[in-house]
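The next block holds one structure in the form of structure tokens; read it before the comments.
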Amino acid sequence: MNSHTTPTPAQKKQLDSYIQLLRQWNTTINLVAPGTLADVEQRHIQDCAQLVPHVAHLPAQKILDVGSGGGLPGLILAILAPQHTYTLSERDQRKSAFLRTAAHQLQLTNVTISAADVKTLTEQYDIITARAFSSLLNILQDTSPLLAPAGHYLLLKGQAIDEELRACETKFHLTTERWPSIVAGNGWVVRLKLNVSAPVPRGTPHL
Numbered sequence: 096m097n098s099h100t101t102p103t104p105a106q107k108k109q110l111d112s113y114i115q116l117l118r119q120w121n122t123t124i125n126l127v128a129p130g131t132l133a134d135v136e137q138r139h140i141q142d143c144a145q146l147v148p149h150v151a152h153l154p155a156q157k158i159l160d161v162g163s164g165g166g167l168p169g170l171i172l173a174i175l176a177p178q179h180t181y182t183l184s185e186r187d188q189r190k191s192a193f194l195r196t197a198a199h200q201l202q203l204t205n206v207t208i209s210a211a212d213v214k215t216l217t218e219q220y221d222i223i224t225a226r227a228f229s230s231l232l233n234i235l236q237d238t239s240p241l242l243a244p245a246g247h248y249l250l251l252k253g254q255a256i257d258e259e260l261r262a263c264e265t266k267f268h269l270t271t272e273r274w275p276s277i278v279a280g281n282g283w284v285v286r287l288k289l290n291v292s293a294p295v296p297r298g299t300p301h302l
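All residue numbers for the sequence shown refer to the numbering used here, where the first residue is 96 and numbers rise by one.
Written as structure tokens, this is what we have:
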């Protein structure tokens, strides 16, 4: 990890415990690709930690992690940027059980788990995050009503980001910033703001 995300001893202990839990649960639940378990720290922890410099300097924010799966990036952010409160949305009941167990064992009192479909949530959030969840268009259509007026998205996306952005052009007006991933060769850290007067209604068909 770089100097912006060097964990404290207590955070390092939490991250080590998280990795142990991930490996244990991944034998029965597909939280991450089995082939990535040999290098969890770089493939998953460091990848997610790239978001920390974008939130570490902010005052307390409400953050929604969509399709949290194995808690990536939600749990990692909750450990490394603990001043914020996090809702981890994961409708797969087995994965949400893992998230509850991990949050409890890691003593992450700033984390809430939602096992409901994200489209049923009503609260608004300052930041919405996602990693390896869905296309950008689907993410925006499902969650734009949940983004606070001054809020933004903070996403880990792959090499198809230009294509995904083009697919959003007719439905969303976006202000986009992005930075090359220091972990995934063709990946990007993407920050998006919606330039809209009103959120796109839920139920808009996905393309």
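Note that CB positions come from ideal geometry on N, CA and C, so glycine has one too. For clarity, every value in this text was computed on a predicted model and none was experimentally measured.
Beta-carbon contacts of residue i that lie in its chain and below 7 Å, excluding the five residues immediately before and after
i	result
residue 124	189, 190, 193
residue 200	112, 116
residue 213	161, 184, 237, 238
Closest Cα partner of residue i within the set the options
i	options	result
residue 111	251, 137, 217	137
residue 187	158, 153, 203, 162	162
residue 227	114, 255, 261	255
residue 103	266, 116, 212, 175	175
residue 140	286, 266, 113, 155	113
residue 115	268, 132, 153	132
residue 108	287, 171, 154	171
residue 158	106, 274, 241, 261	241
Alpha helix (DSSP H) segment containing residue i, residue limits
i	result
residue 171	169–175
residue 104	104–120
residue 150	147–150
residue 232	231–238
Beta-carbon separation (whole angstroms), residue i vs residue j, contact threshold 8 Å
i	j	result
residue 239	residue 209	In fact, because the Cβ distance is near 17 Å, the residues do not count as touching under 8 Å.
residue 259	residue 231	4 Å
residue 150	residue 179	6 Å
residue 168	residue 289	The pair is not a contact, with the Cβ atoms about 20 Å apart (cut-off 8 Å).
residue 117	residue 164	About 10 Å; that fails the 8 Å criterion.
residue 142	residue 279	6 Å
residue 145	residue 285	About 11 Å; that fails the 8 Å criterion.
Cβ neighbours of residue i in the same chain (closer than 6 Å, five flanking residues each side left out)
i	result
residue 47	Nothing about residue 47 can be reported from this structure: the residues present for the chain run from 96 to 302 only.
residue 206	173, 181, 198
residue 218	none
residue 203	173
residue 101	none
Where the beta strand (DSSP E) through residue i begins and ends
i	result
residue 316	What is shown of the chain runs 96 to 302, which leaves residue 316 out entirely.
residue 209	206–209
residue 191	It is not in any beta strand (DSSP E) - residue 191 instead sits in the alpha helix (DSSP H) that spans 188–200.
residue 185	Looking at the DSSP string, residue 185 is not in any beta strand (DSSP E), and its letter there is neither H nor E.
residue 262	Premise fails: residue 262 lies in the alpha helix (DSSP H), 256–263, not in any beta strand (DSSP E).
Sequence-distant residues of the same chain with beta carbon closer than 8 Å to residue i, five excluded per side
i	result
residue 263	231, 232, 235, 269
residue 155	178, 179, 180
Segment contact, 8 Å Cβ cut-off, at least three pairs: the region 243–259 with the region 213–226: Segments in contact, yes.
Three-pair Cβ contact test at 8 Å for the region 126–135 versus the region 195–211: No: the two stretches stay apart, fewer than three of their Cβ pairs being nearer than 8 Å.
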